[in-house]
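Undergrad: Can you read through this structure? Questions will come right after.
There are 2 protein chains.
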Amino acid sequence: MCLPGTVETVRKEIRKEGQPRFDRRTAILGGMGAAMAVAFPAKAHAVRPAKKRVQDLTHVFTAGFPVFAFDPPARATLVTIPSAGFYAQKWTLGEHSGTHMDAPGHFVLGGRLSPEITPEELIVPIVVIDISARAASDPDTVVTPDDLLRFERRHGRIPDGALVAMNSGWAGKIDDLLEFKGGPAFPGYHFPGFGLDAAMWLAENRDVTGIGVDTLSLDPGNSLTFPVHVNFLGTDRYGLENLANLDKIPPRGATAYVGLIPWEEGSGGPCRVIANW
Amino acid sequence: MCLPGTVETVRKEIRKEGQPRFDRRTAILGGMGAAMAVAFPAKAHAVRPAKKRVQDLTHVFTAGFPVFAFDPPARATLVTIPSAGFYAQKWTLGEHSGTHMDAPGHFVLGGRLSPEITPEELIVPIVVIDISARAASDPDTVVTPDDLLRFERRHGRIPDGALVAMNSGWAGKIDDLLEFKGGPAFPGYHFPGFGLDAAMWLAENRDVTGIGVDTLSLDPGNSLTFPVHVNFLGTDRYGLENLANLDKIPPRGATAYVGLIPWEEGSGGPCRVIANW
Numbered sequence: 029m030c031l032p033g034t035v036e037t038v039r040k041e042i043r044k045e046g047q048p049r050f051d052r053r054t055a056i057l058g059g060m061g062a063a064m065a066v067a068f069p070a071k072a073h074a075v076r077p078a079k080k081r082v083q084d085l086t087h088v089f090t091a092g093f094p095v096f097a098f099d100p101p102a103r104a105t106l107v108t109i110p111s112a113g114f115y116a117q118k119w120t121l122g123e124h125s126g127t128h129m130d131a132p133g134h135f136v137l138g139g140r141l142s143p144e145i146t147p148e149e150l151i152v153p154i155v156v157i158d159i160s161a162r163a164a165s166d167p168d169t170v171v172t173p174d175d176l177l178r179f180e181r182r183h184g185r186i187p188d189g190a191l192v193a194m195n196s197g198w199a200g201k202i203d204d205l206l207e208f209k210g211g212p213a214f215p216g217y218h219f220p221g222f223g224l225d226a227a228m229w230l231a232e233n234r235d236v237t238g239i240g241v242d243t244l245s246l247d248p249g250n251s252l253t254f255p256v257h258v259n260f261l262g263t264d265r266y267g268l269e270n271l272a273n274l275d276k277i278p279p280r281g282a283t284a285y286v287g288l289i290p291w292e293e294g295s296g297g298p299c300r301v302i303a304n305w
Numbered sequence: 029m030c031l032p033g034t035v036e037t038v039r040k041e042i043r044k045e046g047q048p049r050f051d052r053r054t055a056i057l058g059g060m061g062a063a064m065a066v067a068f069p070a071k072a073h074a075v076r077p078a079k080k081r082v083q084d085l086t087h088v089f090t091a092g093f094p095v096f097a098f099d100p101p102a103r104a105t106l107v108t109i110p111s112a113g114f115y116a117q118k119w120t121l122g123e124h125s126g127t128h129m130d131a132p133g134h135f136v137l138g139g140r141l142s143p144e145i146t147p148e149e150l151i152v153p154i155v156v157i158d159i160s161a162r163a164a165s166d167p168d169t170v171v172t173p174d175d176l177l178r179f180e181r182r183h184g185r186i187p188d189g190a191l192v193a194m195n196s197g198w199a200g201k202i203d204d205l206l207e208f209k210g211g212p213a214f215p216g217y218h219f220p221g222f223g224l225d226a227a228m229w230l231a232e233n234r235d236v237t238g239i240g241v242d243t244l245s246l247d248p249g250n251s252l253t254f255p256v257h258v259n260f261l262g263t264d265r266y267g268l269e270n271l272a273n274l275d276k277i278p279p280r281g282a283t284a285y286v287g288l289i290p291w292e293e294g295s296g297g298p299c300r301v302i303a304n305w
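Same order as they appear, the protein sequences are chains Z and D.
In terms of the working numbering, the first sequence is residues 29 to 305.
In terms of the working numbering, the second sequence is residues 29 to 305.
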């Protein structure tokens, strides 16, 4: 419910008493009558993450973000600082929007849902399988068992608990809907994904937590039967879709923090993924 | 847009070819005609987070989660496995729902918005200021500078880059709307928060990244002027609201991962917060 009078009370009281106390912040609410942005000093304090390097692997969650099906996310302004003293938006979104997780229950009856993914599964080693050179000339290519074996020959065994992410070079296409999907509508999409044999090799021969892709779907765009969704999620592991910046982290050695919102009864849903190494 | 025919195509093709390949998963899609959940084996593989202990600090993001103002989150089922071969929900939510961040721009014209909070600010040391004993008898109590000095005498100086979180014992009241808010409507709420002097002492004397509370608001519920929102966010730092389980982590020594979805033009928004130590 919207509490009657809330916004009016906040606006009135902030205007009456809530001005900043300190000179260095007097500009902040000074322009309340106009929807202008004031120049704002950058935060000066230092931040020290657990390890030295940090890389966001998440796309900005935009209204209109490309989705496989259903409506893209939409946003609306609820209140603004000039009108109410504070600013907030409202969102409408399908769970498979933006950089997001597919939980086992997305394709598996009785499979785990978003709140059942444990925090331990959300802090994991991440490795990157780079198929971008091949994908540049073939949008229907997939990660194969050979790609995984080649990775291991070069970088060592995929670590226990790993999130195995495909870098196909697709993240850079995010602003061109047709390029990102490789077609105007499903069926007819063309983008890379995991081959079923590779996904199941990981589930059966390596102790992985999940797989991830920089495209719209764990399965390649031209799949009609979604065998990776059905079978890999069927091993009670998760998948991540629409990852970004996988070319900016080492193939091996980073830890991924997968900040899945614990959406009630969620089939997965938007998450913030950050790599640290 | 909803792509015409998508769901129908997926359903048809999955039914035709997408059955799981392996015996141990044959139960998964077997009950397709009924909305029943099958018994599902727990994931057997081990997960090894960066450090040994992991604690979720996030409430499940529920439809109807208590909000300060506007409508609580709502969810609807888009498709189900029995009907379409896959399951997904749709959400409508205000940015200040669930465990969430207040970005500087929530109260500060020109202040930073969700995508501008850097990944480095999202992996930070967390310390917990426990005022739960006092709050049990006084819902209007606040974190004071004395609480901060007492913390430092006992646990050492608040580390650079810290997220300073108030544990008032309020997280356990989440399922009782009236208890959690301490009143049916604003104005008239009663729950603990940060006192202005304590919040500004942190901003000016310690190198903090942000503050956090286990209640609905950085300011106490009975505040009419929101001075902590105005002034602390005015120092270009963030606040977290509706944190959970702060009694289950050490007062000092854990790292917090703040998985803020980078909501476009966001005034903050839902985030997944996990502590690791």
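We put the CB at the ideal spot given by N, CA and C, even for glycine.
Hey, how far is the Cα of Val-95 of chain Z from the Cα of Ala-164 of chain D?
TA: For the purposes of this step, residue 95 of chain Z is taken as residue 67 along the first sequence, with counting starting at 1. For the purposes of this step, residue 164 of chain D is taken as residue 136 along the second sequence, with counting starting at 1. About 47 Å.
Undergrad: What are the boundary residues of the beta strand (DSSP E) that includes Lys-209 of chain D?
TA: In the second sequence, residue 209 of chain D corresponds to position 181, counting from 1. Lys-209 of chain D -> not in any beta strand (DSSP E); alpha helix (DSSP H) instead, spanning 205-209.
Undergrad: Ala-272 of chain Z to Thr-243 of chain Z, Cα distance in whole Å?
TA: Stepping through the first sequence from its first residue, residue 272 of chain Z is reached at position 244. Stepping through the first sequence from its first residue, residue 243 of chain Z is reached at position 215. Between Ala-272 of chain Z and Thr-243 of chain Z, the C-alpha separation is close to 9 Å.
Undergrad: Using three-state DSSP, classify His-307 of chain Z as helix, strand or coil.
TA: Lying before the first or after the last residue shown, residue 307 of chain Z is absent from chain Z, which here runs from 29 to 305.
Undergrad: Any idea if Gly-210 of chain D is buried or exposed, counting beta-carbon neighbours within 10 angstroms, 16 or more meaning buried?
TA: Position 182 of the second sequence, counted from the first residue, corresponds to residue 210 of chain D. Looking at its Cβ environment, which holds 16 or more other Cβ atoms inside 10 Å, Gly-210 of chain D is buried.
Undergrad: Less than 8 Å between the beta carbons of Pro-298 of chain D and His-183 of chain D, yes or no?
TA: Here the question's residue 298 of chain D lines up with position 270 in the second sequence. Here the question's residue 183 of chain D lines up with position 155 in the second sequence. No, the Cβ-Cβ distance between Pro-298 of chain D and His-183 of chain D is not below 8 Å.
Undergrad: Tell me the residue span of the alpha helix (DSSP H) that contains Asp-175 of chain Z.
TA: Stepping through the first sequence from its first residue, residue 175 of chain Z is reached at position 147. Looking at the DSSP string, the run of the alpha helix (DSSP H) that includes Asp-175 of chain Z is 173-183.
Undergrad: Answer yes if the stretch 228-248 of chain D comes into contact with the stretch 185-202 of chain D, meaning at least three C-beta pairs across the two stretches below 8 Å, and no otherwise.
TA: Judged by Cβ distances under 8 Å, the stretch 185-202 of chain D makes contact with the stretch 228-248 of chain D, as three or more pairs qualify.
Undergrad: Please list the residues of the stretch 130-162 of chain D that have a C-beta atom closer than 7 Å to any C-beta atom in chain Z, keeping them in chain order.
TA: The residues in question are Gly-133, His-134, Phe-135, Val-136, Leu-137, Gly-138, Gly-139, Pro-143, Pro-147, Glu-148, Glu-149, Leu-150, Ile-151 and Val-152.
Undergrad: If we cut at 8 Å on Cβ distances, does Lys-276 of chain D have a partner in chain Z?
TA: Translated into the one-based positions of the second sequence, residue 276 of chain D becomes position 248. No, Lys-276 of chain D does not count as interfacial toward chain Z.
Undergrad: Between the Cα of Pro-110 of chain Z and those of D:Gly-216, D:Leu-137 and D:Trp-291, spot the shortest distance and give me the residue it belongs to.
TA: Along the first sequence, read from residue 1 onward, the residue named residue 110 of chain Z stands at position 82. Of the listed residues, the one whose Cα sits closest to Pro-110 of chain Z is D:Leu-137.
Undergrad: Examine the Cβ distances between the stretch 116-130 of chain Z and the stretch 286-295 of chain D and report whether three or more of them are shorter than 8 Å.
TA: Yes, the stretch 116-130 of chain Z touches the stretch 286-295 of chain D.
Undergrad: First and last residue of the alpha helix (DSSP H) that includes Ala-161 of chain D?
TA: Residue 161 of chain D sits at position 133 when you count from the first residue of the second sequence. Start and end: 160-165.
Undergrad: Whole angstroms are fine: how far does the CA of Thr-263 of chain D sit from the CA of Gly-126 of chain D?
TA: To locate residue 126 of chain D, count along the second sequence from 1; it is residue 98. To locate residue 263 of chain D, count along the second sequence from 1; it is residue 235. Each residue's alpha carbon lies about 24 Å from the other.
Undergrad: Quick one: Cα of Val-170 of chain D to Cα of Met-228 of chain D, how far?
TA: Here residue 170 of chain D is taken as the residue at index 142 of the second sequence, counted from 1. Here residue 228 of chain D is taken as the residue at index 200 of the second sequence, counted from 1. Each residue's alpha carbon lies about 13 Å from the other.
Undergrad: Does chain Z have any CB closer than 8 Å to the CB of Phe-98 of chain D?
TA: Taking the first residue of the second sequence as 1, we reach residue 98 of chain D at position 70. Yes, contact with chain Z.
Undergrad: Residues in the same chain with beta-carbon distance under 6 Å from Phe-93 of chain D, minus the five sequence neighbours each way, listed in chain order, please.
TA: In the second sequence, counting from the first residue as 1, residue 93 of chain D sits at position 65. Excluding positions up to five away in sequence, the list reads Pro-100, Pro-101, Ser-125 and Gly-126.
Undergrad: By alpha-carbon positions, which one of Z:Arg-140, Z:Gly-113 and Z:Pro-153 ends up nearest to Arg-277 of chain Z?
TA: Translated into positions along the first sequence, residue 277 of chain Z becomes position 249. Note on residue identity: the sequence assigns Ile, not Arg, to residue 277 of chain Z. Nearest of Z:Arg-140, Z:Gly-113 and Z:Pro-153 to Ile-277 of chain Z, Cα basis: Z:Pro-153.
Undergrad: Tell me which residues of the stretch 284-305 of chain D have at least one Cβ-Cβ distance to chain Z shorter than 7 Å, keeping chain order.
TA: So the list reads Tyr-285, Gly-287, Leu-288, Ile-289, Pro-290, Trp-291, Glu-292, Glu-293, Gly-294, Ser-295, Pro-298, Cys-299, Arg-300, Ile-302 and Asn-304, given in the order they occur along the chain.
Undergrad: Are the CB atoms of Leu-246 of chain Z and Val-256 of chain Z within a distance shorter than 8 Å?
TA: Taking the first residue of the first sequence as 1, we reach residue 256 of chain Z at position 228. Taking the first residue of the first sequence as 1, we reach residue 246 of chain Z at position 218. Taking 8 Å as the Cβ cut-off, Val-256 of chain Z and Leu-246 of chain Z qualify as a contacting pair.
Undergrad: Under a Cβ-count criterion, where at least 16 other Cβ atoms within 10 Å of its own Cβ denotes burial, should Arg-178 of chain D be classed as buried or exposed?
TA: As a position in the second sequence, residue 178 of chain D is number 150, starting the count at 1. So Arg-178 of chain D counts as exposed.
Undergrad: Terminal residues of the continuous beta strand (DSSP E) containing Trp-229 of chain Z?
TA: As a working note, residue 229 of chain Z is residue 201 in the first sequence. Careful: Trp-229 of chain Z lies outside any beta strand (DSSP E), inside the alpha helix (DSSP H) at 224-233.
Undergrad: If you measure from the beta carbon of Asp-203 of chain D to each beta carbon in chain Z, is any gap under 8 Å?
TA: Mapped onto the second sequence, residue 203 of chain D falls at position 175. Chain Z contact via Cβ: absent.
Undergrad: When the distance is taken between beta carbons, is Gly-249 of chain D closer than 8 Å to Tyr-217 of chain D?
TA: Within the second sequence, numbered from 1, the residue matching residue 217 of chain D stands at position 189. Within the second sequence, numbered from 1, the residue matching residue 249 of chain D stands at position 221. The answer is yes: Cβ separation under 8 Å.
Undergrad: Grouping DSSP H, G and I as helix and E and B as strand, with all else coil, what is Pro-298 of chain Z?
TA: For the purposes of this step, residue 298 of chain Z is taken as the residue at position 270 of the first sequence. DSSP places Pro-298 of chain Z in strand when its eight states are reduced to three.
Undergrad: State buried or exposed for Asp-174 of chain D, treating a residue as buried only when at least 16 other CB atoms are found within 10 Å of its CB.
TA: If you number the second sequence from 1, residue 174 of chain D lands on position 146. Exposed, since its Cβ has fewer than 16 Cβ neighbours within 10 Å.
Undergrad: Please name the residue in D:Lys-80, D:Val-82, D:Val-88 and D:Ala-97 whose C-alpha comes closest to that of Pro-215 of chain D.
TA: Position 187 of the second sequence, counted from the start, is the residue given in the question as residue 215 of chain D. For the residues D:Lys-80, D:Val-82, D:Val-88 and D:Ala-97, the minimum Cα distance to Pro-215 of chain D belongs to D:Ala-97.
Undergrad: Please compile the residues from chain Z whose C-beta is within a distance smaller than 9 Å of the C-beta of Phe-89 of chain D.
TA: Here residue 89 of chain D is taken as the residue at index 61 of the second sequence, counted from 1. Under the 9 Å cutoff, chain Z gives Ser-142, Pro-143, Ile-289, Pro-290, Trp-291, Glu-292, Gly-294 and Gly-297.
Undergrad: By alpha-carbon positions, which one of D:Asp-84, D:Gly-200, D:Gly-113 and D:Thr-253 ends up nearest to Leu-224 of chain D?
TA: Position 196 of the second sequence holds residue 224 of chain D. Of the candidates D:Asp-84, D:Gly-200, D:Gly-113 and D:Thr-253, the one whose C-alpha sits nearest the C-alpha of Leu-224 of chain D is D:Thr-253.
Undergrad: Is Thr-169 of chain D close to chain Z, meaning its C-beta is less than 8 Å from at least one C-beta of that chain?
TA: The residue labelled residue 169 of chain D in the question sits at position 141 within the second sequence. No - not a single Cβ of chain Z is within 8 Å of the one on Thr-169 of chain D.
Undergrad: Name the residues in the stretch 176-201 of chain Z whose C-beta lies less than 9 Å from a C-beta of chain D; which are they?
TA: Answer set for the stretch 176-201 of chain Z: Pro-187, Asp-188 and Gly-189.
Undergrad: Could you run through the stretch 111-127 of chain D and flag, in chain order, every residue whose CB is less than 9 Å away from some CB of chain Z?
TA: Correct list: Gly-113, Phe-114, Tyr-115, Ala-116, Gln-117, Lys-118, Trp-119, Thr-120, Leu-121, Gly-122, Glu-123, His-124, Gly-126 and Thr-127.
Undergrad: Could you work out which residues of chain D lie near Leu-106 of chain Z, taking near to mean beta carbons separated by less than 7 Å?
TA: Taking the first residue of the first sequence as position 1, residue 106 of chain Z is located at position 78. Here the neighbours are Phe-98 and Gly-122.
Undergrad: Just the C-alpha distance for Gly-133 of chain D and Glu-149 of chain D, rounded to the nearest angstrom, thanks.
TA: Position 105 of the second sequence holds residue 133 of chain D. Position 121 of the second sequence holds residue 149 of chain D. Spanning the two alpha carbons is a distance of roughly 16 Å.
Undergrad: Can you give the Cα-Cα distance for Val-156 of chain D and Leu-106 of chain D, rounded to whole angstroms?
TA: By one-based count along the second sequence, residue 156 of chain D stands at place 128. By one-based count along the second sequence, residue 106 of chain D stands at place 78. Going from the Cα of Val-156 of chain D to the Cα of Leu-106 of chain D covers about 40 Å.
Undergrad: If you draw a straight line from the alpha carbon of Gly-336 of chain Z to that of Gly-113 of chain Z, how long is it in whole angstroms?
TA: Beyond the ends of chain Z as shown, which are 29 and 305, falls residue 336 of chain Z; an answer cannot be given.
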